[in-house]
Amino acid sequence: MHSKREQLIRAVVFVSTVSSILIANLTLGYYIGKLLDDYLLNFPWGRIIGIVLGMGTAVWSVIRTLKNDFLKIKGKEDK
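Okay, so the sequence shown: first residue is 54 according to the numbering used here, each after it adds one.
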(Lines of atoms letter the chains of each structure in order from A and count residues from 1; the text may use other names and numbers.)
(Lines give C-alpha, C1' and ligand atoms only; values in the text may rest on other atoms or scores of the structure.)
Protein backbone atom coordinates (compact mmCIF):
# COMPACT_ATOMS: atom_id res chain seq x y z
CA MET A 1 0.00 0.00 0.00
CA HIS A 2 1.08 3.52 -0.71
CA SER A 3 0.91 6.19 1.90
CA LYS A 4 -1.53 9.06 1.49
CA ARG A 5 1.35 11.42 0.76
CA GLU A 6 2.62 9.24 -2.11
CA GLN A 7 -0.90 8.99 -3.53
CA LEU A 8 -1.30 12.76 -3.36
CA ILE A 9 2.03 13.36 -5.09
CA ARG A 10 1.16 10.81 -7.78
CA ALA A 11 -2.22 12.48 -8.36
CA VAL A 12 -0.65 15.96 -8.65
CA VAL A 13 1.97 14.67 -11.10
CA PHE A 14 -0.70 12.94 -13.16
CA VAL A 15 -2.95 16.02 -13.34
CA SER A 16 0.04 18.17 -14.27
CA THR A 17 1.02 15.74 -17.01
CA VAL A 18 -2.47 15.60 -18.50
CA SER A 19 -2.92 19.37 -18.44
CA SER A 20 0.51 19.88 -20.04
CA ILE A 21 -0.37 17.43 -22.81
CA LEU A 22 -3.66 19.18 -23.51
CA ILE A 23 -2.19 22.67 -23.55
CA ALA A 24 0.83 21.70 -25.67
CA ASN A 25 -1.18 19.84 -28.31
CA LEU A 26 -3.84 22.52 -28.64
CA THR A 27 -1.25 25.30 -28.84
CA LEU A 28 0.79 23.44 -31.42
CA GLY A 29 -2.33 22.69 -33.47
CA TYR A 30 -3.38 26.34 -33.36
CA TYR A 31 0.00 27.62 -34.53
CA ILE A 32 0.31 25.04 -37.29
CA GLY A 33 -3.17 26.10 -38.42
CA LYS A 34 -2.10 29.73 -38.28
CA LEU A 35 0.90 28.96 -40.49
CA LEU A 36 -1.41 27.19 -42.94
CA ASP A 37 -3.73 30.21 -42.94
CA ASP A 38 -0.86 32.57 -43.64
CA TYR A 39 0.55 30.36 -46.39
CA LEU A 40 -2.74 29.47 -48.11
CA LEU A 41 -4.56 32.74 -47.35
CA ASN A 42 -7.73 31.04 -46.10
CA PHE A 43 -8.25 32.64 -42.70
CA PRO A 44 -10.44 30.50 -40.48
CA TRP A 45 -10.04 27.05 -41.99
CA GLY A 46 -6.40 26.36 -41.21
CA ARG A 47 -6.86 27.30 -37.57
CA ILE A 48 -10.03 25.24 -37.28
CA ILE A 49 -8.30 22.21 -38.78
CA GLY A 50 -5.25 22.78 -36.59
CA ILE A 51 -7.32 23.01 -33.41
CA VAL A 52 -9.33 19.90 -34.30
CA LEU A 53 -6.14 17.96 -35.03
CA GLY A 54 -4.64 19.31 -31.80
CA MET A 55 -7.66 18.10 -29.84
CA GLY A 56 -7.43 14.69 -31.50
CA THR A 57 -3.77 14.27 -30.71
CA ALA A 58 -4.36 15.55 -27.17
CA VAL A 59 -7.08 12.97 -26.53
CA TRP A 60 -4.91 10.23 -28.04
CA SER A 61 -1.94 11.25 -25.89
CA VAL A 62 -4.03 11.42 -22.71
CA ILE A 63 -5.48 7.95 -23.38
CA ARG A 64 -1.98 6.59 -23.98
CA THR A 65 -0.74 8.22 -20.76
CA LEU A 66 -3.68 6.81 -18.80
CA LYS A 67 -3.04 3.36 -20.20
CA ASN A 68 0.68 3.46 -19.38
CA ASP A 69 0.06 4.79 -15.86
CA PHE A 70 -2.62 2.18 -15.21
CA LEU A 71 -0.31 -0.61 -16.38
CA LYS A 72 2.49 0.66 -14.11
CA ILE A 73 0.18 0.75 -11.09
CA LYS A 74 -1.28 -2.65 -11.89
CA GLY A 75 2.19 -4.15 -12.32
CA LYS A 76 3.29 -2.84 -8.92
CA GLU A 77 0.17 -4.19 -7.21
CA ASP A 78 0.63 -7.65 -8.73
CA LYS A 79 4.10 -8.04 -7.19
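Every residue gets a Cβ at the ideal spot worked out from N, C-alpha and C, and that includes glycine.
Just so we're clear, the structure is a prediction, and the values are computed from it rather than from any experiment.
Asked                                                                                                                : Found
Close beta carbons around residue 96, own chain, < 6 Å, minus the five adjacent residues each side                   : 90
Buried or exposed by the 16-neighbour rule on C-beta atoms within 10 Å, applied to residue 78                        : buried
Which listed residue (72, 68, 57 and 84) has its alpha carbon closest to that of residue 105                         : 84
Cβ distance (whole Å) where residue 62 is taken to contact residue 86 below 8 Å                                      : Actually they are not in contact, since the Cβ atoms of residue 62 and residue 86 sit about 36 Å apart, beyond 8 Å.
Euclidean distance between Cα positions of residue 113 and residue 81                                                : 15 Å
Other residues of its chain near residue 118: CB distance less than 7 Å, five sequence neighbours each side excluded : 70, 71 and 74
Residues near residue 66 by beta carbon distance below 8 Å, same chain, minus five either side                       : none
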